[in-house]
Amino acid sequence: MNYGKVIYLRIITSKFGGAWQKLRYRHQKRSLLDLKLWIALSSDTAETVKRARELLDLGADPIVLMSQMASSMLSSAAVATSPAQATMVAPFTGLKSSAAFPVTRKSNTDITSIASNGGRVSCMKVWPPVGKKKFETLSYLPDLTDVELAKEVDYLLRNKWIPCVEFELEHGFVYREHGSTPGYYDGRYWTMWKLPLFGCTDSAQVLKEVQECKTEYPNAFIRIIGFDNNRQVQCISFIAYKPPSFTGA
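Note that full-length UniProt numbering gives residue 150 to position 150 of the sequence shown, counting from 1, and the numbers run on in steps of one.
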């Protein structure tokens, strides 16, 4: 046996194998860089998994591969969220006090003006309660139209409450005459118009009863209440009509 040839072949094989391993390592490293770049520029999860499997088939270390993928995904997520942080809305500063401004500065009394952060200020003016009479819910608001009354009744019906129509000929508002204890006031109980509207599903039926009561007693105060027949309590009450002769509201 020619030992010289065997030793020569082993040396050649060893050098060739080392070169092959170096080439294979460079290819894996290049593929990892390509995968990292792909993750940073693309959100296609299926394609990313496919490329990772190809690297595993080439003999890449799974731990190194997972580490590269995790760091790349975190970096890409940070880059993706940075524009959203840059476009956050500034704190609301549209209702600052005008005391710090010079006296000669013209104050802007338009509540619909544009605030300093670009948002439109929208406020509802409070109805002044001074000199007004209280009629339970919605006491200090302007008189409701038929459309607004219908919406209130629809809300009442959606909550499965029983609508009732009540009226009062003398004191259509709360007052104190026969007692001053906490939680008590006169004028709470009115006369019921007909019976509660059990089974009512249409607000038009309730408004029809209000109109009949108005025709029968044109100088009466009329209100609508909502009664919960399961809990046996009154849940809502609002004024529906005030006589033309009443000037206290």
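Even for Gly, the Cβ is constructed at its ideal location relative to N, Cα and C.
Assigned with DSSP and collapsed to three states, residue 212 falls in helix. Residue burial annotation: residue 141 is exposed, with fewer than 16 other C-beta atoms found within 10 angstroms of its C-beta. The alpha-carbon of residue 57 is positioned some 14 Å away from that of residue 63. Shown here for residue 240: same chain residues with a beta carbon closer than 8 Å to its own, the five before and five after excluded, namely 144, 149, 165, 210, 222, 223, 224 in chain order. The Cβ-Cβ distance between residue 236 and residue 196 does not fall below 8 Å. A distance of 8 Å or more separates the beta carbons of residue 213 and residue 190. The beta carbon of residue 138 sits closer than 6 Å to the beta carbons of 238 from its chain, once the five residues preceding and following it are set aside; these are given in chain order. When secondary structure is reduced to three states using DSSP, residue 241 falls in the strand class.
By the criterion of a C-beta distance shorter than 8 Å, residue 226 is surrounded in its chain by 156, 159, 161, 162, 163, 164, 234, 235, 236, 237, once the five residues flanking it on both sides are discounted.
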